[in-house]
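**Student:** Take a look at this one; I'll ask things after.
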Amino acid sequence: MALKLRAKGIKQVRPLAGGFFGWRDKGYPMYLDPALEVPKGRPGHLAAHTA
Amino acid sequence: MHELMDFLVANGYLVLFLWVLGEQAGLPVPSAPLLLAAGALIGLHKLDAAAVVLLSTVASVSADLLWFRLGRRRGAKVLNFLCKVSLEPDSCVRTTQSRIAKSGPRSLLLAKFIPGFSTAAPPLAGAGGMSLARFLLFDFLGSLLWVGSLVLLGFAFSHQLELLAAYSARLGAWLLVLLLAALAAFLWRKYGQRRRFVKDLAVARIPAEELKARLEAGEAVTIVDLRHPLDWLTDPRTLPGALRMKPDEIEERNQEIPRDREVILYCT
Numbered sequence: 135m136a137l138k139l140r141a142k143g144i145k146q147v148r149p150l151a152g153g154f155f156g157w158r159d160k161g162y163p164m165y166l167d168p169a170l171e172v173p174k175g176r177p178g179h180l181a182a183h184t185a
Numbered sequence: 007m008h009e010l011m012d013f014l015v016a017n018g019y020l021v022l023f024l025w026v027l028g029e030q031a032g033l034p035v036p037s038a039p040l041l042l043a044a045g046a047l048i049g050l051h052k053l054d055a056a057a058v059v060l061l062s063t064v065a066s067v068s069a070d071l072l073w074f075r076l077g078r079r080r081g082a083k084v085l086n087f088l089c090k091v092s093l094e095p096d097s098c099v100r101t102t103q104s105r106i107a108k109s110g111p112r113s114l115l116l117a118k119f120i121p122g123f124s125t126a127a128p129p130l131a132g133a134g135g136m137s138l139a140r141f142l143l144f145d146f147l148g149s150l151l152w153v154g155s156l157v158l159l160g161f162a163f164s165h166q167l168e169l170l171a172a173y174s175a176r177l178g179a180w181l182l183v184l185l186l187a188a189l190a191a192f193l194w195r196k197y198g199q200r201r202r203f204v205k206d207l208a209v210a211r212i213p214a215e216e217l218k219a220r221l222e223a224g225e226a227v228t229i230v231d232l233r234h235p236l237d238w239l240t241d242p243r244t245l246p247g248a249l250r251m252k253p254d255e256i257e258e259r260n261q262e263i264p265r266d267r268e269v270i271l272y273c274t
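Going down the list, the protein sequences come from chains W and A. Residue numbering for the first sequence follows our numbering, starting at 135 and increasing by one per position. Residue numbering for the second sequence follows our numbering, starting at 7 and increasing by one per position.
Right under this line is the structure:
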């Protein structure tokens, strides 16, 4: 993706080391968009992972 | 070679079961050649068709069930691990998510025929909340289709195996050396591809600590969340101020990303 964006003219682009989980598991600040539409999944599954 | 064939005939069922189980569990041991050989041995009346198909299918479903349950418990982390150790990591995560999202359980029917997707699909099905009954049904049918096709193909060419056995008897141990060398070359090539891929990824990554410090210092950076919508199931939150964009939207929405500041991308 970084290479794709560089090809689109965005030269200063870096991937985040560790990705989403690397950030979250360090306990760094997170944001929840109230307008987000989450795809349907098994009931309770989401709660188990976000508790 | 005759000794090898005799060994396969004598221990064929156990070897087949363990080999298919190993491949589906994530080991880089392709079981397609073995299933083809088993089909050929059925044609030569050395193995029983029902036992071969049933054992291989059960082995495949057993390994898949293990990954399904791990995916259910640990979410997308399992998929990431699986793709890291697989020999096809470059497209593993993204391709798997796209296919599951597009076709749902039906994607499991043909999953076995697609390298990389085969092992990665069950944990994602688990992480995505697919019911166990639905998973077992489609995974069993997909495994049966995969095993059946290969065995049938081997069966159709069983007479060629007789010829091969005759040639191999003449070549003796050299054929075994040749086959082992070919397998080693295959694994070495895949390992090289994987190392290059990991090296490319390691270039110019920003550590989480540095990004946090820059955000706290009020520096202007644009963060883009490229996680697949299925990943939102496991955690719908984003990094602060992240612009959420589906991976396939990059082409049409890249104009929303400012060019005058550093852009930080992340997925799972």
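Idealized CB from N, CA, C, for every residue including glycine. What you are looking at is a predicted structure, and each value in this text was computed from that prediction instead of being measured.
Just checking my contact of A214/A with Y162/W at CB under 8 Å: how many whole Å lie between their CB atoms?
**Tutor:** Between Y162/W and A214/A the Cβ distance is about 6 Å, and since that is below 8 Å, they are a contact.
**Student:** For the alpha helix (DSSP H) containing F269/A, list its first residue and its last residue.
**Tutor:** For clarity, residue 269/A is Val in the given sequence; the question names Phe instead. Segment E268 to Y272 is the beta strand (DSSP E) holding V269/A; no alpha helix (DSSP H) there.
**Student:** Which class does I212/A belong to by DSSP, given the choice of helix, strand or coil?
**Tutor:** In this structure, I212/A counts as strand in the three-state DSSP scheme.
**Student:** Please give me, in chain order, every unbroken run of the beta strand (DSSP E) with length at least 3 that falls completely inside the stretch 13 to 76 of chain A.
**Tutor:** For the stretch 13 to 76 of chain A, not a single whole beta strand (DSSP E) run of length 3 or above is found.
**Student:** For the beta strand (DSSP E) containing P149/W, name the first residue and the last one.
**Tutor:** Residues V147 to P149.
**Student:** Assign R78/A to one of two classes, buried (16 or more other C-beta atoms within 10 Å of its C-beta) or exposed (fewer than that).
**Tutor:** Buried: at least 16 other Cβ atoms inside 10 Å.
**Student:** Is S113/A buried or exposed, if buried means 16 or more other CB atoms sit within 10 Å of its CB?
**Tutor:** Buried: at least 16 other Cβ atoms inside 10 Å.
**Student:** Please identify, using Cβ separations under 9 Å, the residues of the stretch 111 to 135 of chain A that lie next to chain W, in order along the chain.
**Tutor:** From the stretch 111 to 135 of chain A, only A133, G134 and G135 have a Cβ closer than 9 Å to chain W.
**Student:** DSSP on Y197/A, reduced to helix/strand/coil?
**Tutor:** Y197/A falls in the helix class under three-state DSSP.
**Student:** Give me, in chain order, the residues of the same chain whose beta-carbon lies closer than 6 Å to that of D231/A; leave out the 5 immediate sequence neighbours on both sides.
**Tutor:** Only T244, A248 and R250 meet the Cβ criterion.
**Student:** DSSP state of R250/A, grouped into three classes?
**Tutor:** The answer is strand: DSSP assigns R250/A an E or B state.
**Student:** Going along chain W in order, which residues have a C-beta closer than 9 Å to the C-beta of K218/A?
**Tutor:** Correct list: W157, K160, Y162 and P163.
**Student:** Would you mind giving the Cβ-Cβ distance between T240/A and A127/A, rounded to the nearest angstrom? I have them listed as a contact below 8 Å.
**Tutor:** No, T240/A and A127/A are not in contact; Cβ-Cβ is about 16 Å, not under 8 Å.
**Student:** Please report the distance separating the alpha-carbon of K160/W from that of G152/W.
**Tutor:** When rounded, the distance between both Cα atoms is 10 Å.
**Student:** Take L42/A as the anchor and find which of P253/A, Q166/A and G198/A has the nearest alpha-carbon.
**Tutor:** Residue Q166/A is the option with its Cα nearest to L42/A.
**Student:** Within the continuous beta strand (DSSP E) that includes T228/A, where are the two ends?
**Tutor:** Start and end: V227 to D231.
**Student:** Distance check for V227/A and S68/A, CA to CA, integer angstroms please.
**Tutor:** C-alpha separation (whole angstroms): 46 Å.
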